[in-house]
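Reviewing the structure listed below.
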DNA sequence: CTGAAAGCGCTTACAG
DNA sequence: CTGAAAGCGCTTACAG
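Chains as they are written, first to last, in this note's numbering: chain A, 2 to 347; chain B, 2 to 347.
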C-alpha cells in the first residue's frame, strides 16, 4: 500500500507538502498541488487514519453509543445523528451497548478513546449514582434521562412536560381511568420515572387520585411484547380503564394489539397514546397518537454541542438543553366517525 | 494520559514487558505480571489503539455497512451481527451509508481501512456491474443480492426460493390474483429482481399467466409509506386481486393499512404476506404472515467467514452461503374464525 | 523470561 | 510557498 512518502517521491516534493495538500492548507502553488493530486491518483493512495490520529489526535469520527437498534426510537435517532454529523463532514460509528453495564462503562473508559474525536452517549444501565464516570477527558455529550445534571453537556426530552401533555390530552377527551405502561419501580431516575411524574402531575391538577392498579411496569426493555404483556395483565386483573398511555410507541402498539384482540373499540372504549412518534404510528389501525420528542433537534443539538467541545469552545460549565416536543393527534385518541375515514394514509 | 512507557517506568520494566502482559504473552514471571498490572491500575492506563494499529495492523474492530437503520430489517441485522461478533471478542462499528453511491464506495475505498480488521457490507446503490470494486485488499464479506458472484465471500437469503414459497402459500389458499409490491423496473440484480423471479416461477408452475397490472414498483426505499402508496394506486386503478405479497414486511404493513382503511377484510377479501419477519409482524392486526430469512444464521455466518479471512484461513476461492428461510404463517393469510381468536399474543 | 533499538505513517514546530 | 527533523505510542525482530 502506498504511503505519503511514496506520493511525495513520485510528485517530487516532501511528504509535508503532500500532507498540506490533503489537509487543504491554502498556500500551495497550483502546479505543486496538481502534481501531488496526480501522484495520489496514480498510486491510489489512501491516507492511514491511524497514523494521522496518532500524531494529531484527530480522526473525523464521532461515536454514538445507544442501547439497541431494534428499538425504533434509537434506530431513527442514529439515522438523524448520522445526518447531522454528515453535514459537518464527520463520520459516525454506532456502538450498541445492549444496555449492558460493562459495555456502557467501556464507552466511558476510553478503550476506544483514540479512535474518535468525541462521543454521544445514551446510557441505560448506568444511573444517577454513577455520574462520576462521566468525568472523562474527552468531549462527551449525554442523551436521555438516566443521568441528569452530570458534569457534561446534555440534551434531553422535556419528559415530564411531554408526559403531562399526553395525559392532559386524554383528560381533555373526558377520560378519567388512565392506565400507564412503562413504570420502572426501583428506578431513581430515567425516562420511566420522569414520565410517570408528568402523568401524576396532570392527574393531580385534574383532581384525580393516583391508582396504583393503573400503573404498569413492563420491564426494562420497552418492546411491543412487553407492552402486550402488561396490557394482558391489566385485562386479566379486571381493572376498569378508559385510556392507556404507553411510555413509548412500541409499548403502546403492543398494548393496542391486545386491546383489539380483546374486542375493545379504539378509541371509543379505550383511547391509546404513545411516545416517540416512530414511523409505525402512522400505520397501525387506528393510527397512534404520540409525542414527537424533537428527535431531529436532539440529534442536531447533540452534534452541535459536541462540535463545540471538540473545537475547545463553549462555556466552562456544562449545558442542559431540552428539546421541543409536539403532540401528534391521531385516531387512537381522536377517533373519526367511520363514515369520514378516508382510504388515504394520514 | 499515561503511556505504556509510564507504566513500564512505574513497574520497573521495559515497555516491551508491559506490551507482553497486555497481549497475554504466556512467558512472564508471575511477580512481573503482578507489578505491571498494579502499575496499569494505579495510572489508569488505557492502551492507544491507534498506535497499536499503526504498528501491528490489528484493531479488534469490524465494520458493518448497511443502508439505513430505520428499516427494521437492517436494525435487527445489526443487533444480530453485534451479538455474533461480540461472542468472538470483536467490537462492531456500524456504518450507515444511506444507500448513497459515494458513501458505499467509501466503504470499499479503504478510507477507513486502517481502523478495522474487516468489513461486512450490504450495498444498495452499487450493482452487479460494479463487482470490480469488491476487489479490495482487506477481508470483506458481502451481504444482499445487489452483487452476486463477486470476488469475495457472500452470504445471501435464498430469495427466489423463499419468494416462491410465499407465493405458493397464497396459491395453496386458493388465491389466483396475487399482487406483488416491490418490483424495481430497470434493476438488473437485487432482492426485487430475485423475489419477482420466485413469484413468477410459482405462478408459472400453477399455470397462471403473469399480469403486469398486479406488479407494483414502490421505489427504492421499502418503507411502510411506499407500500401504502403502491396499494392505494392499485385500488384506484380498480384492478381485481385477492392477495398481496410485499417484498418486505414494511411494504406489506403499509399495504395492509390501506386495505383495512378501504374496508377490505383480511384475509377473507385479501390475504397479505410479507418478507423479513420483523418483530412488528406479530403485532399488526391481523398479525402478518412472513418469511423469516434466517437473520441469525446470516449474521453468524458472515462473522464466521470474516473471522476466517482475517485469520488468513479459508479456501482461495470465495464462498457463497445461502441461509435457510422459514415461512411464518400468521392470520393475515391463515385467518382464524373470530370466535377462536385468543386475546393472547401469538 | 526480559530489554534496547528501530520503525509503523503520519503531523508538528521550526527553518528558510 | 516548501523542506528536514523529530516524535506520536505502540510492536517487531533481534539479543541476551
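Glycine is no exception: its CB is placed at the ideal position from the N, C-alpha and C atoms.
Looking at the C-beta of residue 5(B), does it have a partner C-beta in chain A at a distance below 8 angstroms? no
Please report the Cβ distance between residue 125(A) and residue 134(A), rounded to the nearest whole angstrom; I am assuming they are in contact, meaning their Cβ atoms lie under 8 angstroms. 14 angstroms between Cβ atoms; not a contact.
Residue environment, residue 136(B), which counts as buried when at least 16 other CB atoms sit within 10 Å: exposed
Minimum length 3: unbroken beta strand (DSSP E) runs contained in the stretch 40-120 of chain A: 62-67 and 92-97
Excluding five sequence neighbours on each side, which residues of the same chain lie with their C-beta closer than 6 angstroms to the C-beta of residue 155(A)? 143 and 321
What's the C-alpha gap between residue 252(B) and residue 29(B)? 59 angstroms
With 16 other Cβ atoms within 10 Å as the buried cut-off, status of residue 203(B): buried
In terms of residues, what are the limits of the beta strand (DSSP E) holding residue 144(B)? 141-144
Between residue 274(B) and residue 170(B), is the Cβ-Cβ spacing less than 8 angstroms? yes
Would residue 1(A) and residue 63(A) be called neighbours here (beta carbons separated by less than 8 angstroms)? Since the displayed chain A opens at 2 and closes at 347, residue 1(A) lies outside it and no answer follows.
Check whether the stretch 144-153 of chain A and the stretch 192-202 of chain A touch, using three or more Cβ-Cβ pairs below 8 angstroms as the test. yes
Could you tell me whether the Cβ atoms of residue 8(B) and residue 44(B) are closer together than 8 angstroms? yes
Can you tell me the Cα-Cα spacing of residue 14(B) and residue 25(B), whole angstroms? 16 angstroms
Nearest chain A C-beta to residue 363(B) closer than 8 angstroms, yes or no? Here chain B covers residues 2 to 347 and nothing more, so residue 363(B) does not appear.
Secondary structure, beta strand (DSSP E): runs of 3+ residues fully inside the stretch 297-332 of chain A: 321-324 and 327-329
So the candidates are 164(A), 216(A) and 172(A); which of them puts its Cα closest to the Cα of residue 209(A)? 172(A)
Out of curiosity, what's the CA-to-CA distance linking residue 347(B) and residue 283(B)? The predicted position of residue 347(B) is uncertain, since its pLDDT is 36 and thus under 50; no value can be drawn from it.
Neighbouring residues, chain A, relative to residue 140(B) (Cβ below 7 angstroms): The premise fails here: residue 140(B) is roughly 15 angstroms from chain A at the closest Cβ pair, so nothing lies under 7 angstroms.
Can you find a C-beta in chain A that's less than 8 angstroms from the C-beta of residue 96(B)? yes
Assuming the contact rule is C-beta atoms closer than 8 angstroms, residue 75(A) and residue 114(A) should be a hit. Round their C-beta distance to whole Å, please. Contact flag wrong, Cβ pair sits at about 23 angstroms.
Does the Cβ of residue 206(A) have 16 or more other Cβ atoms within 10 Å, making it buried, or fewer, making it exposed? exposed
Can you tell me whether residue 332(A) is buried or exposed? The criterion is at least 16 other CB atoms within 10 Å of its CB, across all chains shown. buried
Provide the residue(s) that pair with residue 293(A) in DSSP beta bridges, ordered along the chain. 327(A)
Ends of the alpha helix (DSSP H) at residue 365(A)? Coverage of chain A is limited to positions 2 through 347, which leaves residue 365(A) absent and any answer about it impossible.
Who are residue 242(A)'s beta bridge partners in DSSP? According to DSSP, residue 242(A) bridges with nothing at all.
Can you tell which of 129(A), 317(A) and 233(A) has its C-alpha closest to the C-alpha of residue 189(A)? 129(A)
Kindly list, in the order they appear in chain A, the residues whose Cβ is closer than 7 angstroms to that of residue 83(B). 97
Between the Cα of residue 163(A) and the Cα atoms of 324(A), 335(A) and 334(A), which residue gives the shortest distance? 324(A)
Is residue 157(B) helix, strand or coil by DSSP? strand
Using a Cβ cut-off of 8 angstroms (strictly closer), state whether residue 54(B) contacts chain A. yes
Would residue 1(B) and residue 183(B) be called neighbours here (beta carbons separated by less than 8 angstroms)? There is no way to answer for residue 1(B), as the model of chain B reaches only from 2 to 347.
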